[in-house]
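Here's the structure, in structure tokens; my notes come after.
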Amino acid sequence: MAKSIRILLAIAAWYDYEIWHMNVKTTFLNDFVEEEIYMDQPEGFTSVGEEQKKISGSMVAYLVLYVDDILLIGNDVKILSDIKAWLSA
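Take the sequence shown: its position 20, counted from the start at 1, is 20 in full-length UniProt numbering, and no numbers get skipped.
Put into structure tokens, the structure is as follows:
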């Protein structure tokens, strides 16, 4: 994992991207879940045949999660601000 983060930081430095760090303060306040949890993907969540599409454009944003740390890396401050606001909600 550390190697992956170093690679992303090198990419960010090379392209002069913004790097924001956030720390999740409530991670360890939650207790262990004793019961089994099963999740199902909501209806209409995927579009069959569109799995390999890419988003074209000049805006780039990476969201890196590791335990209780979050790295936001990107070239558009507005997009990073929107992602941070969405994560805070």
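Cβ coordinates follow ideal geometry from the N, Cα and C atoms, glycine included. From a predicted model like this one, the values you see are computed outputs, not experimental measurements.
Rounded Cβ spacing between residue i and residue j (contact assumed at less than 8 Å)
i: L80; j: W20; result: 6 Å
i: V33; j: D68; result: Contact doesn't hold; Cβ gap of about 17 Å is too wide.
Closest residue to residue i among the options (Cα-Cα distance)
i: M22; options: L71, I37 and E43; result: L71
i: A2; options: L87, L65, D82 and K78; result: L65
Buried or exposed (CB count within 10 angstroms, at least 16 for buried), residue i
i: I73; result: buried
i: Y17; result: buried
Reduced DSSP category for residue i - H, G, I as helix; E, B as strand; rest coil
i: A13; result: helix
i: V77; result: helix
i: I37; result: coil
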